[in-house]
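S.K.: Attaching a single structure in structure tokens format; questions to follow.
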Amino acid sequence: MYSKKKTIEIDRVHIWHPFTQMKDFENTDHKVIVRGEGIKLFDADGNEYYDTVSSWWTNTLGHCNRDIGNAVKKQLDTLEHVIFAGFTHPFAAEFIDLLKGFLHPSLSKYFFSDNGSTAVEVALKMSFQYWQNLGKKEKTRFIMLDNAYHGDTIGAVSVGGVSMYHKLYKPLMFESIKVKSPDCSTCHLRKSEFTFDTSGCGCNIECFKEMEKAIKDNSGITAAVIVEPLLQGAGGMLLYKKEYLQLLEKTAKENDVLVIYDEVATGFGRTGSMFAYQQAGTVPDIICLSKGITAGFMPLAVTVSTDNIYNAFYDDYFSHKTFFHGHSYTGNPLACAAGIENLKILKKENLPYSNKTALECFHSKLKKLSKYDFINDIRYIGFIGAIDVVKSRKEKTLFEQKERIGKKIYEISLKNGLILRPLGDTVYFFLPLIVTDKDIDEIFKKTEDVLLRAVTIK
Ligand SMILES: Cc1ncc(COP(=O)(O)O)c(C=O)c1O
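The numbering of the sequence shown is this note's numbering, which starts it at 1166 and goes up by one.
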């Protein structure tokens, strides 16, 4: 293994990190992480950090889960990869057989890819081609939400609504129909002081009106609506009510528009149910899954559709209805082995449902932060929680952008043995399903200390 010194030398000269202004690291180095165990990561100097962001929201069962590690090791001696067109393998079959047990039976056709963005690209192209294959050539557009984030490839960016990530690329994008975000944290009709779990918001889903109009006015030209169900993650961990999804399902169906749920972030237990859509009792036409699909071990994704969509592609070769899409690592056996073991563990341990006490502890700790005037909204769903940091809630004053409060929080958190990686001024927690009350106690003690220091630094 390269030493810390050698790692940093190479990193500084040659490695361009994602979502990073590299100049921010002119006078400081990237942390060199050498080991992971449970909820913690360890650096080359032996310091430990609570990984409260689950390594980009992928890790669900803690780092270096032994059973998943052993399953991948065993797979390495059997089959590491095979072309997935014209060939299949038992590891993909077993994985899908297990996964279908967790999903609604109408979601029955599984298309593999290898990350969240590709899962979304597949969903967009699939829903577009569905209508082309049916001869409804005008249905080419997508309806999406403001604050949406679906990945960084051009298709995913075209249905994205976070201006910091997406605005610059406008000349490259296809045009989508954007609808206001149903975000409860900025809703002027909210009756409760904080969003919390949205149950006290007391609205009548007035925000759906704009979506309803968009669907009805554009049904003739719209292929699908795409949403992140219940939680808009990268847009700021924004929550909305399950009734919005119920109205969306009904309206889309009545107007012949497909519904795509992007559960890349929310899937595999993170929202307190196996999938977020289950809390709403709705079922999409297409669902996109990745991140927690291998508990953070291997890159893998699936885009799952109904028989109805699949059947629109199923015809003689010269009908030209084939779905011409695929990636080199499609259905990779090592990733499937990790996925199989992950699903077996979730089933055996009845996760996320069996870890209720930690969830209650997490939510109550979040609520207690309301005593601080520098905390504006507080919200949570399952193992995800977020707080907006402001100068003063009472005086309604925000930090100026140039103060970069999020960056300060990140840097101080690392000194405190914790990884907090705010989205703008929103500090969030994306905890693994195996987190304990003791971990949560420690994480919140450290977080309070970090926040108190960050908001007082000039
Ligand atoms: C909801 C959602 N969709 C898609 C993606 C893109 O996933 P990936 O980074 O694996 O391409 C993300 C990533 O954060 C996401 O949160």
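Where a beta carbon is used, it is the ideal one built from N, C-alpha and C, also for glycine.
Just so you know, these numbers come straight off a predicted model, no measurement behind them.
Is His1195 near ligand 1, judged by its Cβ being under 6 angstroms from some heavy atom?
M.R.: Result no, Cβ not under 6 angstroms from ligand 1.
S.K.: Just confirm the distance between the C-beta atoms of Gln1411 and Leu1403, as a whole number of angstroms; I'd bet it's less than 8 angstroms.
M.R.: Actually they are not in contact, since the Cβ atoms of Gln1411 and Leu1403 sit about 19 angstroms apart, beyond 8 angstroms.
S.K.: Please report how far the alpha carbon of Lys1415 lies from the alpha carbon of Thr1471, in whole angstroms.
M.R.: Their Cα atoms are separated by approximately 17 angstroms.
S.K.: Among Lys1381, Thr1387, Lys1406, Ile1386, which residue has its Cα nearest to the Cα of Glu1393?
M.R.: Nearest C-alpha to Glu1393: Lys1406.
S.K.: On the criterion of 16 or more Cβ atoms from any shown chain inside 10 Å, does Glu1286 qualify as buried, or is it exposed?
M.R.: Looking at its Cβ environment, which holds 16 or more other Cβ atoms inside 10 Å, Glu1286 is buried.
S.K.: Any chance the CB of Ala1399 is under 6 angstroms from a heavy atom of ligand 1?
M.R.: Under cutoff, so the answer is yes.
S.K.: Shorter than 6 angstroms, the distance from the beta carbon of Asp1348 to the closest heavy atom of ligand 1, or not?
M.R.: The answer is no for Asp1348.
S.K.: I'd like the list of long-range same chain contacts for Phe1276, defined as Cβ closer than 6 angstroms, with 5 residues on each side in sequence excluded.
M.R.: Val1287, Thr1468, listed in sequence order.
S.K.: What runs of the beta strand (DSSP E), each 3 residues or longer, lie entirely inside the segment 1326-1353?
M.R.: Counting whole runs of 3 or more residues, the segment 1326-1353 contains the beta strand (DSSP E) stretches 1342-1344.
S.K.: State the start and end residues of the unbroken beta strand (DSSP E) segment that holds Tyr1426.
M.R.: Taken as a continuous stretch (DSSP letters only), the beta strand (DSSP E) holding Tyr1426 covers 1423-1427.
S.K.: What are the residues that DSSP puts in a beta bridge with Lys1561?
M.R.: Its beta-bridge partners do not exist; DSSP assigns none.
S.K.: Any heavy atom of ligand 1 closer than 6 angstroms to the Cβ of Ser1455?
M.R.: Ser1455 Cβ: within cutoff of ligand 1.
S.K.: Using 8 angstroms as the cut-off, can you tell me whether the segment 1373-1386 makes contact with the segment 1426-1437, which would need three or more C-beta pairs spanning the two stretches below that distance?
M.R.: As far as the Cβ criterion goes, the segment 1373-1386 does not touch the segment 1426-1437, which means the pair count is below three.
S.K.: Tell me whether His1315, by its Cβ, gets closer than 6 angstroms to a heavy atom of ligand 1.
M.R.: Yes, the Cβ of His1315 comes within 6 angstroms of a heavy atom of ligand 1.
S.K.: Suppose the cutoff is 8 angstroms on Cβ atoms and the five residues either side in sequence are ignored; what does the same chain contact list for Ser1271 look like?
M.R.: So the qualifying residues of the chain are Val1448, Thr1471, Asp1472.
S.K.: Taking 6 angstroms as the cut-off, is the CB of Ala1430 close to at least one heavy atom of ligand 1?
M.R.: Answer for Ala1430: yes, Cβ within range of ligand 1.
S.K.: According to DSSP, what are the bridge partners of Gln1397?
M.R.: DSSP, once it has assigned bridges, lists Leu1403 as partnering Gln1397.
S.K.: Can you tell me which residues form a DSSP beta bridge with Phe1307?
M.R.: Phe1307 pairs with Ala1389.
S.K.: Given the structure, does Gly1365 come close to ligand 1, in the sense that its CB is under 6 angstroms from one of the ligand's heavy atoms?
M.R.: Gly1365 Cβ: outside cutoff for every heavy atom of ligand 1.
S.K.: Excluding the 5 residues preceding and the 5 following Asp1450 in the sequence, name in chain order all residues of the same chain whose CB lies nearer than 8 angstroms to its CB.
M.R.: Excluding residues within five positions, the ones whose Cβ falls inside 8 angstroms are Ser1292, Ala1389, Leu1423, Val1424, Ile1425, Ser1470, Thr1471, Asn1473, Ile1474.
S.K.: In whole angstroms, what separates the C-alpha of His1485 from that of Gly1266?
M.R.: Distance between the alpha carbons of His1485 and Gly1266 is about 33 angstroms.
S.K.: State the Cα-Cα distance for the pair His1195 and Asp1210, rounded to the nearest angstrom.
M.R.: Computed Cα separation, rounded: 13 angstroms.
S.K.: Tell me which residues share the same chain as Ile1175 and place their Cβ nearer than 8 angstroms to its Cβ, disregarding the 5 neighbours each side in the sequence.
M.R.: Contacts found: Tyr1167.
S.K.: Can you give me the C-alpha to C-alpha distance between Ala1417 and Val1429, rounded to a whole angstrom?
M.R.: Looking at the two C-alpha atoms, the distance is approximately 22 angstroms.
S.K.: From Asn1507 to Asp1348, what does the alpha carbon distance come to, in whole angstroms?
M.R.: Distance between the alpha carbons of Asn1507 and Asp1348 is about 32 angstroms.
S.K.: Please classify Gln1294: is it buried, with 16 or more other beta-carbons within 10 angstroms of its beta-carbon, or exposed?
M.R.: Per the 10 Å Cβ criterion, buried.
S.K.: Going by DSSP, which residues form a beta bridge with Leu1511?
M.R.: Note: Leu1511 sits in no beta bridge, so no partner.
S.K.: Given the structure, does Glu1393 come close to ligand 1, in the sense that its CB is under 6 angstroms from one of the ligand's heavy atoms?
M.R.: Glu1393 Cβ: within cutoff of ligand 1.
S.K.: Since Lys1572 sits in a beta bridge, which residues does DSSP pair it with?
M.R.: Answer is none; Lys1572 lacks a bridge partner.
S.K.: Is Asp1216 close to ligand 1? I mean its beta-carbon at under 6 angstroms from any heavy atom of the ligand.
M.R.: Flag unset: Cβ of Asp1216 not near ligand 1.
S.K.: Name the DSSP bridge partner or partners of Ser1470?
M.R.: Ser1470 pairs with Lys1274, Ile1451.
S.K.: When you compare each of Gly1589, Glu1408, Ala1460, Lys1304 to Ala1445 by their alpha carbons, which one comes out closest?
M.R.: Answer by Cα proximity: Glu1408.
S.K.: Say the cut is 6 angstroms; is the CB of Ser1271 nearer than that to a heavy atom of ligand 1?
M.R.: No.
S.K.: From what residue to what residue does the alpha helix (DSSP H) around Leu1226 run?
M.R.: Run containing Leu1226: none; DSSP gives neither H nor E here.
S.K.: In whole angstroms, give me the CA-to-CA distance for Phe1127 and Ser1328.
M.R.: With the chain represented from 1166 up to 1623, any question about residue 1127 goes unanswered, as that position is not in the structure.
S.K.: Output yes or no for whether 7 angstroms exceeds the beta carbon distance between Glu1375 and Lys1345.
M.R.: The answer is yes: Cβ separation under 7 angstroms.
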